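Residue numbers (this note's numbering): 251 to 806. Read through the structure below, which is laid out as C-alpha cells, and then see the notes.
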Ligand code: HAM
C-alpha cells in the first residue's frame with residue numbers, strides 16, 4: 251500500500267499570504283464603477299425590450315449540464331467544477347463494515363480512557379489487539395480533520411497520565427478510519443501520530459453530484475420547466491451573474507467570469523419560433539453594445555441546422571476525416587467517433603490545416619432551416635445591422651439549432667468573442683419539458699469591460715464626491731454628521747473627515763478623493779449656522795447659510 255507522510259506542521263499557523271484562487275480575481279474600485287455602469291446601461295436596454303430579470307442558483311445538478319450542454323463538449327467534459335454532495339455521513343455503517351473485516355481486534359469499553367477523557371468523536375472505540383498485545387484508539391469519521399487527530403493524541407496522553415499504570419507501558423496506536431474517497435489517491439495517510447485508513451465504500455446517504463454553473467441557459471430552461479413558465483406565453487428573461495469553467499486562465503479568460511445573458515423562450519404559438527425573435531435579439535445586442543460605448547464589433551452569423559441536418563453533416567465529416575483522422579490529436583480522434591461536429595472546437599495548431607478543408611454545415615440545411623436563416627438576414631438588413639456570415643461557426647455547446655452567432659471585438663486579442671448565442675429549439679424537451687423553442691445569448695462581462703476600458707476609463711464613470719466635509723475641533727463630528735445627513739437627502743455624494751484631522755490634512759484628503767467642494771464645520775460656523783464652502787478647483791470660497799447649502803452645491 252502506498253503511504254504518505256503528512257507532517258504536523260500543516261496545522262501550525264502559516265504566515266504565507268493567501269491569494270485568490272487561480273483564474274479568479276477581485277474586482278476593485280474604481281474598476282467596479284465600469285462594471286456598474288455597464289450593468290445599469292444593459293438593464294435600461296433590457297427594460298426597453300420588455301425583458302425581466304431571472305436569478306437561478308449558481309450551482310445545479312450535474313446532470314442538467316450533461317443533458318443540456320452535452321457530454322461531448324469541452325465545457326462538460328473538461329471544465330466543470332463538480333463535487334459529490336453527500337448529505338449525511340453514516341458512521342455506523344462504516345464502523346460495522348470495518349469491524350467485519352477486522353474481527354481479530356477485540357473491542358472493549360471497560361474503564362475506557364478514550365471515551366471519558368475527550369469529547370465524543372462520532373463512533374470511537376478502544377481496541378485490544380491480542381496479536382501484538384497493544385491497544386488501539388479508533389474513530390470513524392467522514393473525512394480527515396486535524397481536530398480529530400488532535401483529539402486522538404490527547405486521548406492517548408490522558409490514558410498515559412491519568413489512567414492505570416498498565417497504559418503507561420502499553421503501546422497505544424491511534425487510528426482514524428474514513429471513507430477511501432476522503433484520502434483520494436492514497437488509502438493510507440501516516441501523520442506523525444495517527445494512522446489514517448481510507449476504507450472502501452460509500453458511507454453517505456443520498457449523495458448527489460452538483461456543479462457550479464458553467465453557463466446559464468440550461469439553468470433558465472430548467473426553471474422554465476420547473477415553474478411552468480409557458481403559462482405566461484413568451485418569456486423574455488435576462489440574468490447577470492458569475493459562471494465557472496476550469497479553463498487555462500489568460501487575458502479575458504477566467505475560471506470565475508461574469509455573464510450578462512438573455513433568453514426568449516415559450517410555446518411556438520407565442521411566437522418563440524419565429525426568425526423575427528432571432529433578429530430582435532441581434533438588434534438588441536447591437537443597441538446594447540452601442541449604448542455602453544463599444545464600437546467596431548463584428549457580428550458573425552451562421553445556421554447550424556436542425557438535428558437531421560447535423561446527422562447528415564456529421565456523416566459527411568466522418569467521410570472527409572476518415573483518411574486523416576489518425577494524424578489528429580487524441581481529442582479529435584474521440585470526437586470523430588462520438589460527435590465529429592465538435593472537431594471544430596479543436597485549438598491544436600497542427601490540426602487546423604485539416605479542419606480548414608472540412609465541409610461546412612450550410613451545405614446540409616433543409617428547407618425549413620434555410621428559409622429561417624434567410625428570413626433572419628432579411629430582418630437584419632431591414633434594420634441595418636451589419637453581419638458577416640461564417641459557415642464554420644458551430645459554437646461549443648450542443649443545444650444549438652438553426653441560428654448561431656458571436657460578436658467579436660478586435661481589442662480582445664486571442665479571446666475575441668465578446669458574446670455568443672443562438673437558437674436552442676429542443677433543449678426544453680431534452681430536459682424533460684414541453685416543446686419550447688428559444689433563443690438567447692450571453693455576453694462575457696469581463697470581456698465587455700476589457701474592450702470598454704480601451705476607450706473609457708473607470709475614472710470617467712465614477713461619480714466623485716460633490717462635497718467633503720471637514721469637521722474642525724472637538725465635538726464637531728456630530729455637527730458634521732448632521733450636515734452630511736441633510737445634504738445626502740438631496741442626492742449629493744458626501745464624504746466626511748474627522749474632527750481629529752488638521753485642516754491641512756482635510757484639504758489634502760478632499761483633493762485626493764476628487765471632491766468638488768470642501769465644507770468646513772467648526773464651532774464658529776455652527777454658532778452662525780452658516781458654513782465656509784470652498785470650490786477646490788477655482789479656490790473660490792463663500793459662506794453659505796445651512797438652509798441654502800444643498801442648492802449652492804447642486805449649482806456646481
Ligand atoms: P458561451 O459562448 O460559452 O455561450 O459563452 C458566452 C460568452 O461568455 C463568451 O462569448 C465569452 O465572452 C464569455 N466567456 C466564456 N467563457 C469565459 C471565460 N472562461 N472567461 C471569460 N469569459 C468567458 C454560453 O454560455 C451560452 N449559454 C450563451 C447562450 C445563451 N446561448 C443561448 N443563450
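Built from N, CA and C at the ideal position, the CB exists for glycine as well. Keep in mind that this is a model prediction, so the values were computed, not measured.
- With 16 or more neighbouring CB atoms inside 10 Å of its own CB, residue 511 falls in the buried class.
- Residue 328 counts as exposed, since fewer than 16 other beta carbons sit within 10 angstroms of its beta carbon.
- When the Cα atoms are used, residue 423 and residue 393 turn out to be separated by approximately 19 angstroms.
- Under the DSSP assignment, residue 583 falls in the alpha helix (DSSP H) whose first and last residues are 580-588.
- Remark: the shortest separation between the CB of residue 465 and any heavy atom of the ligand HAM falls under 7 angstroms.
- Residue 485 sits buried, since 16 or more C-beta atoms from the chains shown fall within 10 Å of its C-beta.
- Relative to the non-hydrogen atoms of the ligand HAM, the Cβ of residue 301 never comes closer than 7 angstroms to any of them.
- The DSSP-derived three-state label of residue 619 is helix.
- Here DSSP, grouped into helix, strand and coil, assigns residue 317 to helix.
- When DSSP states are grouped into helix, strand and coil, residue 564 belongs to the helix group.
- Annotated three-state conformation of residue 646 is coil, per DSSP.
- When rounded, the separation of the alpha-carbon atoms in residue 642 and residue 609 is 9 angstroms.
- As a beta-bridge residue in DSSP terms, residue 389 pairs with 374, 426.
- Between the beta-carbon of residue 288 and that of residue 699 there is about 6 angstroms, and that keeps the pair under the 8 angstroms contact cut.
- DSSP places residue 398 inside the alpha helix (DSSP H), whose first and last residues are 396-412.
- A straight line joining the alpha-carbon of residue 330 with that of residue 462 spans about 7 angstroms.
- When DSSP states are grouped into helix, strand and coil, residue 595 belongs to the helix group.
- Between the alpha carbons of residue 385 and residue 597 lies a gap of roughly 59 angstroms.
- Exposed is the label assigned to residue 481, since fewer than 16 other Cβ atoms lie within 10 Å of its Cβ.
- Taking 8 angstroms as the cut-off, the Cβ atoms of residue 449 and residue 337 do not count as close.
- Runs of alpha helix (DSSP H) with 4 or more residues, each lying fully within the segment 663-736, are found at 677-680, 695-703, 708-711, listed in chain order.
- Assignment of beta-bridge partners to residue 485 by DSSP yields 515.
- When the five nearest sequence neighbours on each side are left out, the beta carbons in the same chain lying within less than 8 angstroms of the beta carbon of residue 311 are those of 458, 459, 460, 461, in order along the chain.
- Taking a contact as a CB-CB distance under 8 angstroms, the pair residue 585 and residue 353 does not count as one, their CB atoms being some 51 angstroms apart.
- Residue 497 has its Cβ nearer than 7 angstroms to a heavy atom of the ligand HAM.
- A distance criterion of 7 angstroms places the beta-carbon of residue 314 beyond contact range of the ligand HAM, judged by its closest non-hydrogen atom.
- In the displayed model, residue 275 falls within coil according to three-state DSSP, outside both helix and strand.
- Across the set 552, 470, 687, the C-alpha of 687 shows the shortest separation from the C-alpha of residue 524.
- Residue 718 sits close to residue 759, with the two beta carbons spaced by under 8 angstroms.
- In this structure, the ligand HAM has a non-hydrogen atom nearer than 7 angstroms to the beta-carbon of residue 503.
- In this structure, 746 is the residue among 714, 542, 746, 715 with its C-alpha nearest to the C-alpha of residue 729.
- As computed with DSSP, residue 768 is found in a beta bridge with 718, 784.
- The Cβ atoms of residue 513 and residue 470 sit closer than 8 angstroms to each other.
- Assigned with DSSP and collapsed to three states, residue 510 falls in strand.
- Taking C-beta separations shorter than 6 angstroms and ignoring five residues to either side along the sequence, the partners of residue 418 in its chain run 410, following chain order.
- Residue burial is scored here from C-beta neighbours: residue 726 has at least 16 other C-beta atoms within 10 angstroms and is therefore classed as buried.
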